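Sequence order for the protein chains is D and Z. For reference, each letter of the first sequence is one residue, going 164 to 278 in the working numbering. For reference, each letter of the second sequence is one residue, going 239 to 347 in the working numbering. Heads up, the beta-carbon is just placed ideally off N, CA and C, and yes, glycines get one too. Since the model is a prediction, treat every value here as computed from it, not as a measurement.
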Amino acid sequence: GAVVSQHPSWVICKSGTSVKIECRSLDFQATTMFWYRQFPKQSLMLMATSNEGSKATYEQGVEKDKFLINHASLTLSTLTVTSAHPEDSSFYICSASAGAAYGYTFGSGTRLTVV
Amino acid sequence: AQRVTQPEKLLSVFKGAPVELKCNYSYSGSPELFWYVQYSRQRLQLLLRHISRESIKGFTADLNKGETSFHLKKPFAQEEDSAMYYCALRTNQGGKLIFGQGTELSVKP
């Protein structure tokens, strides 16, 4: 079945630094990737949608200059949290889809802690 | 407005009891609905989608357009069903999924 690999699974960084999270589709071409943020025992909040080769579409209230998304190939999307602050600490999850006729495959998530 | 509502944050039942996790949606178009499950420390997994009309792990869900609901049901809950369950709606805006708040199902022995 479809597999999405997300790395790192957890990361601790200092305030003011940047962190990059990778999301790879291992056995299919992901035309669209989605990035979510999840708080403990709460829903997944969509941050942005990215299509290969295009600029990401951000949801209302998400700072695009803070959360940089790159989807340079059909198998890789990255989320970079720039100038991280403690309030950015969260669980970030990516999801990949091969198109409207297909489902969504989720990564295992990245626990970001900013100290 | 596009919205998915799961009114129960926590549902606790005993093993062997029937379980129903509620999901209501608001969407102006033709909805495509999913149920996802997240076991402890694992990634989100697709449980079922309404267009498949299949039963997975004994769970079923029927789309009721009149009541705008897509409740998840299982006649006899098992302890291994304990997990977070999310109802999701696929929109026609780039295919993005909108998730409900999630319901934590706890099945006690």
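Residues of chain D with CB under 7 Å from residue i, in chain order?
i	result
Phe337 of chain Z	Ser206 and Leu207
Hey, is residue i's beta-carbon within less than 8 Å of any beta-carbon in chain D?
i	result
Tyr323 of chain Z	no
Gly340 of chain Z	yes
Arg291 of chain Z	no
Arg281 of chain Z	yes
Just tell me which of the options has its CA closest to the CA of residue i.
i	options	result
Leu231 of chain D	D:Pro249, D:Met210 and D:Glu250	D:Met210
Glu258 of chain Z	Z:Leu327, Z:Gly333 and Z:Gly296	Z:Gly296
Phe202 of chain D	D:Thr268, D:Ile256, D:Thr245 and D:Gly270	D:Ile256
Thr238 of chain D	D:Arg200, D:Ala247, D:Leu189 and D:Gly179	D:Leu189
Asp251 of chain D	D:Pro171, D:Ala165, D:Thr180 and D:Cys186	D:Thr180
If you reduce the DSSP assignment to three classes, tell me which class residue i lands in.
i	result
Glu342 of chain Z	strand
Glu185 of chain D	strand
Glu318 of chain Z	helix
Glu226 of chain D	coil
Glu250 of chain D	helix
Arg218 of chain Z	Within the shown structure, residues of chain Z are numbered from 239 to 347, placing residue 218 of chain Z beyond reach of any answer.
Tyr277 of chain Z	coil
His309 of chain Z	coil
At the 8 Å Cβ level, is residue i part of the contact set with chain Z, yes or no?
i	result
Gly224 of chain D	no
Tyr267 of chain D	yes
Interface residues of chain D around residue i at Cβ under 8 Å?
i	result
Gly332 of chain Z	Thr195, Thr212, Asn214 and Thr220
Between residue i and the rest of its own chain, which residues show a CB-CB distance below 8 Å, the 5 nearest in sequence each way excluded?
i	result
Met260 of chain D	Reading the sequence as shown, one finds Ser at residue 260 of chain D and not Met. Once the five neighbours on either side are set aside, the close Cβ partners of Ser260 of chain D are Ala193, Thr194, Thr195, Met196, Phe197, Gly266, Tyr267 and Thr268.
Ala239 of chain Z	Ser264
If I measure Cβ to Cβ from residue i and keep anything under 6 Å in the same chain, skipping five residues before and after, which residues do I get?
i	result
Thr212 of chain D	Phe197 and Thr220
Thr276 of chain D	Ile175 and Ser252
Arg328 of chain Z	Glu270 and Leu335
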